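Okay, so here's the structure we're looking at.
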Amino acid sequence: MAVRDLAALLAGMEPVLAGEVYGFACVHGAVPAEVVPFAVVAEAEGLTVVAPEAQLQAAGLAFQGGWARISLTVVSDLAAVGLTAAIATALTLRGISANVIAGYHHDHVFVQATRAEEALAVMRGLGSSPG
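In the working numbering, the protein residues as written are 7 to 137.
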């Protein structure tokens, strides 16, 4: 069952760092066949494609790279209030950029790969902070 309570979300989020480095690219038309996107966002300017850097490079796409993905294992309710704000605030206080993508079941936070372990520690700290 999806969790809506902020304290329960923070206590149970259990962030997990993915092993790949990701990039964000903008494509016009179809996503190249060699790219298996983690996410695609349709914007007026084109399709934003989030995928492993190696795939974006192989497809010859221009992209902004160097992003690590931290996924929250808690199943969050789409109507939950405050989870993104709590994470963004904690990371902001450390000067870490956060790009958040919400899936149906889980939230995914993209941070600079060079600061991924630090971001992971900050997020784990939120889960262990007293109420």
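All C-beta atoms in this analysis are idealised placements derived from N, C-alpha and C, irrespective of residue type, glycine included.
Since the model is a prediction, treat every value here as computed from it, not as a measurement.
In terms of residues, what are the limits of the alpha helix (DSSP H) holding residue i?
{"i": "Gly131", "result": "122 to 134"}
{"i": "Leu15", "result": "12 to 18"}
In the DSSP assignment, find the unbroken beta strand (DSSP E) run with residue i in it and report its ends.
{"i": "Ala86", "result": "Looking at the DSSP string, Ala86 is not in any beta strand (DSSP E), and its letter there is neither H nor E."}
{"i": "Ala108", "result": "105 to 108"}
Report the CB separation of residue i from residue j in whole angstroms; it is logged as a contact under 8 angstroms.
{"i": "Val33", "j": "Leu53", "result": "5 angstroms"}
{"i": "Ala57", "j": "Val42", "result": "7 angstroms"}
{"i": "Leu132", "j": "Ile107", "result": "18 angstroms between Cβ atoms; not a contact."}
Compare the Cα-Cα distances from residue i to each of the options and report the closest residue.
{"i": "Leu16", "options": "Ala119, Ala122, Val117, Val87", "result": "Val87"}
{"i": "Glu123", "options": "Ser82, Leu12, Val22, Gly35", "result": "Val22"}
{"i": "Val117", "options": "Val128, Leu132, Gly109", "result": "Val128"}
{"i": "Pro38", "options": "Leu67, Gly101, Met7", "result": "Leu67"}
{"i": "Ser77", "options": "Arg10, Ser134, Ala14, Arg130", "result": "Arg130"}
{"i": "Ile102", "options": "Gln63, Ala119, Phe30", "result": "Ala119"}
{"i": "Cys19", "options": "Val80, Asp11, Gly71", "result": "Note on residue identity: the sequence assigns Met, not Cys, to residue 19. Comparing Cα-Cα distances from Met19 to each of Val80, Asp11, Gly71, the minimum goes to Val80."}
{"i": "Arg10", "options": "Ala96, Ala64, Leu132, His111", "result": "His111"}
{"i": "Leu99", "options": "Ala125, Gly133, Asp83, Ala8", "result": "Ala125"}
Who does residue i pair with in a DSSP beta bridge?
{"i": "Ala74", "result": "Val27, Val117"}
{"i": "Val22", "result": "Ser77"}
Tell me whether residue i counts as near the ligand MN, meaning its Cβ is closer than 7 angstroms to at least one heavy atom of that ligand.
{"i": "Ala24", "result": "Annotation note on the ligand MN: not contained in the displayed structure, which lists no ligands."}
field: Those runs of the alpha helix (DSSP H) which lie wholly inside the stretch 25 to 62 and span at least 4 residues
entry: Runs found: none.
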